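For the sequence shown, this note's numbering begins at 539 and goes up steadily by one. We put the CB at the ideal spot given by N, CA and C, even for glycine. Every value quoted in this text rests on a predicted model; they were computed, and no experiment measured them. Let me begin by presenting the structure, written as structure tokens, before commenting on it.
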Amino acid sequence: MATPCSVEELKPPAEGQLARLEGGKLVVPDNPVVVYIEGDGIGPEVVRSAIQVINAAVEKAYGGARRIVWWEAVAGEKAQRECGELLPKATLEAIKIARLALKGPLTTPVGSGFRSINVTIRQALDLYANIRPVRFYGQPAPHKYADKVNFVIFRENTEDVYAGIEWPHDSAEAERLRQFLKQELGVTIREDAGIGVKPISKFATQRLMRRALEWALRNGNKRITLMHKGNIMKYTEGAFMKWGYEVALNEFREHVVTEQELWEKYNGEIPEGKILVNDRIADNMLQQIITRPWDYEIIVAPNLNGDYISDAANALVGGIGMAAGMNMGDGIAVAEPVHGSAPKYAGKNVINPTAEILSATLLIGEFMGWREVTRLVEDAIRRAIADKKVTYDLARHMPGVEPLKTTEYTEALIQYIREA
Ligand code: NAD
């Protein structure tokens, strides 16, 4: 049953238990309550598919000893219909209580009306790290080295020019700022210039870097690269790099080597059990992921760079239908695919649910720690692609292959999981 519209009536399902934080660590029961939001457009189709696939994988992995108790919350058009508002407080509260949520895409009208609900959710819950793995599962891809692509992008989610601190060129605020900058700091800005502010803080940079290092330690990654444009923007992007290194060297010293140490002490080879922490200038980095993708594993970037590089990286392995994501805070996460609500495909049973399914594995496998689920689901996706059982978006690049419907593809994945 969906959550009610008001916080007062909110009650998690009795058959599940809530995940909780103990000493800063997430403790997940065997029957955790996980919130799901169907979303708009193709959202309900991809979320339904993801829930079915995850349930099958949990059943296969733990044979009934573990089970997810799904709890629906509404947002977007469904919330507007049922509660008369796009993002009821009860939905945010349900995510806060459960700490775990899977979300479908939500429609944001361009140039009018309300702010993006997605952005509101991220800000309201302080989901400061946007994590986007970019992996190759055998899908048709445009790049010669697609099979070498295996990145996880950690994009800062709360600051940078995305913080929304900006004024139109002809506003009173821009005029005041221009005056202030001229009189107090001796800086002249043209009168017809809009003005935006780019905040990048030590606090936000360091908590992001910490999560990236923890991820690398958990997953056995060998490389973390700080992506920045610090040669030009020294006190924002340059500081991002400096603060990132600080965390690595002050808090994770025994686990990391720098590029300099790598050449001075280890002849250019990353020693067993160590993580190389290095940095690259953003423009070079966008080139390097194409020419030398094998040199990169975890990429830590401020908001804008992270946005650019995740789309560029996903293009290497072909297609938005496969691109997964998770927004993570302290002891709370909302997984959602990179793609939007693709309204023109809504209800047609044709779109690719893989991005939503892989987003769900980030939540269940990585964030909750039920790793067997991730392995089963990823193997099933690899097998489906190898057997040419794919939806239209991949089939159209595979000559002679008839596309499966969303539901048929979902069934195929479940079958592979049961056979595993
Ligand atoms: P979109 O990602 O919804 O769709 C663009 C195109 O990509 C589609 O027409 C389709 O060809 C393809 N596509 C997307 N998802 C696919 C899938 N799962 N399988 C196969 N093909 C797929 O982008 P858009 O059209 O720019 O945005 C539509 C709406 O979604 C907008 O209102 C936008 O604001 C919103 N949006 C929401 C989120 C989110 O909820 N996090 C993210 C991006 C966009």
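Applying the 10 Å Cβ sphere with the 16-neighbour rule, what's the burial state of Trp801?
To locate residue 801, count along the sequence shown from 1; it is residue 263. Under this definition Trp801 is an exposed residue.
For my contact list, Ile836 and Val690 are in at a C-beta cut-off of 8 Å; report their separation, rounded to the angstrom.
Along the sequence shown, one-based indexing puts residue 836 at 298. Along the sequence shown, one-based indexing puts residue 690 at 152. About 5 Å; that satisfies the 8 Å criterion.
Lys767 and Val795 - do their beta-carbons sit closer together than 7 Å?
Numbered from its first residue, the sequence shown carries residue 795 at position 257. Numbered from its first residue, the sequence shown carries residue 767 at position 229. Contact flag unset, no.
Enumerate in chain order the residues of its own chain whose CB-to-CB distance from Arg604 is below 8 Å, with the five nearest sequence positions on each side excluded.
Start at 1 with the first residue of the sequence shown, and residue 604 comes out as number 66. Once the five neighbours on either side are set aside, the close Cβ partners of Arg604 are Asp568, Asn569, Val596, Trp908.
Please look up how many angstroms separate the CB atoms of Ala613 and Ile575, rounded, as I've assumed it's under 8 Å.
In the sequence shown, counting from the first residue as 1, residue 613 sits at position 75. In the sequence shown, counting from the first residue as 1, residue 575 sits at position 37. With a Cβ gap of about 5 Å, Ala613 and Ile575 count as contacting.
Is it a yes or a no for the segment 663-683 touching the segment 861-868, going by three-plus beta-carbon pairs under 8 Å?
At 8 Å Cβ cutoff, the stretches touch.
Could you please give the first and the last residue of the uninterrupted alpha helix (DSSP H) stretch that includes Asn852?
On the sequence shown, position 314 is the one that residue 852 refers to. Counting along the chain, the alpha helix (DSSP H) containing Asn852 begins and ends at 841-854.
I need the DSSP call for Arg934, collapsed to helix, strand or coil.
Stepping through the sequence shown from its first residue, residue 934 is reached at position 396. Coil.
Should Pro706 be listed as close to ligand 3, given that the test is whether its C-beta is under 6 Å from any heavy atom?
Ligand 3 is absent from the structure shown, which contains only ligand 1.
Leu644: beta carbon under 6 Å from a heavy atom of ligand 1?
Sequence index remark: in the sequence shown, residue 644 carries index 106 (1-based). Within the cutoff, so yes.
Are Ala632 and Leu624 touching if we call contact CB-CB under 7 Å?
Taking the first residue of the sequence shown as position 1, residue 632 is located at position 94. Taking the first residue of the sequence shown as position 1, residue 624 is located at position 86. No. Outside cutoff.
So, at 8 Å on beta carbons, what are the nonlocal neighbours of Ala873 in its own chain, with the 5 sequence-adjacent residues on each side left out?
Position 335 of the sequence shown, counted from the first residue, corresponds to residue 873. Taken in chain order, the residues that qualify are Ala639, Leu640, Lys641, Ala862, Gly863, Met864, Asn865, Ser897, Ala898, Leu900, Leu901, Phe905.
Who are the near neighbours of Thr726 in its chain, counting only those whose CB is closer than 7 Å to its CB and skipping five residues on each side?
Within the sequence shown, numbered from 1, the residue matching residue 726 stands at position 188. These residues qualify, in order along the chain: Lys720.
Answer yes or no: the CB of Ile889 versus the heavy atoms of ligand 1, is any distance below 6 Å?
Counting from 1 along the sequence shown, the entry for residue 889 is found at position 351. Yes; taking the cut-off as 6 Å, the Cβ of Ile889 has a heavy atom of ligand 1 nearer than that.
Does Lys598 come out as helix, strand or coil in the three-state DSSP assignment?
For the purposes of this step, residue 598 is taken as residue 60 along the sequence shown, with counting starting at 1. DSSP places Lys598 in helix when its eight states are reduced to three.
Hey, could you find the ends of the beta strand (DSSP E) Phe905 is sitting in?
Position 367 of the sequence shown, counted from the start, is the residue given in the question as residue 905. No beta strand (DSSP E) contains Phe905, which DSSP labels as neither H nor E.
For Lys927, count the other beta carbons within 10 Å of its own beta carbon; 16 or more makes it buried, fewer makes it exposed. Which is it?
Along the sequence shown, read from residue 1 onward, the residue named residue 927 stands at position 389. Buried, since its Cβ has 16 or more Cβ neighbours within 10 Å.
Figure out for me which residue from Gly869, Gly554, Leu715, Trp608 has the closest Cα to the Cα of Val573.
As a working note, residue 573 is residue 35 in the sequence shown. Taking only the C-alpha atoms, the option nearest Val573 is Trp608.
Can you say whether Asp664 is buried or exposed, counting buried as having 16 or more other CB atoms within 10 angstroms of its CB?
Residue mapping note: residue 664 aligns to position 126 of the sequence shown, counting from 1. Exposed, because fewer than 16 other Cβ atoms sit within 10 Å of the Cβ of Asp664.
For Lys740, which residues of its own chain have a beta-carbon under 6 Å away from its beta-carbon, when the five flanking residues on both sides are left out?
Stepping through the sequence shown from its first residue, residue 740 is reached at position 202. Excluding sequence neighbours, Lys740 sits near Trp781.
For Thr944, is the classification buried or exposed, using 16 other Cβ atoms within 10 angstroms of its Cβ as the cut-off for buried?
Position 406 of the sequence shown holds residue 944. Buried: at least 16 other Cβ atoms inside 10 Å.
Is there contact between the segment 748-763 and the segment 772-790, where contact requires at least three CB pairs shorter than 8 Å?
Enough Cβ pairs lie closer than 8 Å, so yes.
Taking C-beta to C-beta, are Ala893 and Gly579 nearer than 7 Å?
As a first step, residue 893 must be located in the sequence shown, where it is residue number 355. As a first step, residue 579 must be located in the sequence shown, where it is residue number 41. For Ala893 and Gly579, no; Cβs fall outside 7 Å.
State buried or exposed for Pro526, treating a residue as buried only when at least 16 other CB atoms are found within 10 Å of its CB.
It is not possible to answer for residue 526, since the shown part of the chain is limited to 539 through 958.
Indicate whether Val571 and Leu556 have their beta-carbon atoms separated by less than 7 Å.
Translated into the one-based positions of the sequence shown, residue 571 becomes position 33. Translated into the one-based positions of the sequence shown, residue 556 becomes position 18. Taking 7 Å as the Cβ cut-off, Val571 and Leu556 qualify as a contacting pair.
Suppose you measure from the CA of Leu932 to the CA of Asn852; what does that come to, to the nearest Å?
By one-based count along the sequence shown, residue 932 stands at place 394. By one-based count along the sequence shown, residue 852 stands at place 314. In a straight line, the C-alpha of Leu932 is about 14 Å away from that of Asn852.
Output the boundary residues of the alpha helix (DSSP H) element that contains Phe790.
Within the sequence shown, residue 790 is the residue found at index 252, counting from 1. Careful: Phe790 lies outside any alpha helix (DSSP H) and carries neither H nor E.
Consider the C-beta atom of Glu697 and the heavy atoms of ligand 1; say whether any pair is separated by less than 6 Å.
Sequence index remark: in the sequence shown, residue 697 carries index 159 (1-based). False, no ligand heavy atom lies under 6 Å from that Cβ.
Spell out the partners DSSP gives Gly734 in its beta bridges.
As a position in the sequence shown, residue 734 is number 196, starting the count at 1. DSSP lists Glu704 as partners of Gly734.
Does any heavy atom of ligand 1 sit closer than 6 Å to the C-beta of Asp685?
By one-based count along the sequence shown, residue 685 stands at place 147. False, no ligand heavy atom lies under 6 Å from that Cβ.
Below 6 Å CB to CB, which residues in the same chain sit around Asp817 once its five sequence neighbours on both sides are set aside?
Taking the sequence shown and counting its residues from 1, one reaches residue 817 at position 279. Contacts found: Leu764, Met779.
Between which two residues does the beta strand (DSSP E) holding Leu762 run?
Taking the sequence shown and counting its residues from 1, one reaches residue 762 at position 224. Here the sequence assigns Ile to residue 762, which means Leu is not the residue at that position. Element bounds for Ile762: 761-766.
Using a threshold of 6 Å, is the CB atom of Ile919 nearer than that to any non-hydrogen atom of ligand 1?
To locate residue 919, count along the sequence shown from 1; it is residue 381. False, no ligand heavy atom lies under 6 Å from that Cβ.
Do Ala684 and Phe674 have their beta-carbon atoms positioned less than 7 Å apart in this structure?
Numbered from 1 along the sequence shown, position 136 holds the residue referred to as residue 674. Numbered from 1 along the sequence shown, position 146 holds the residue referred to as residue 684. Result yes, Cβ atoms of Phe674 and Ala684 sit closer than 7 Å.
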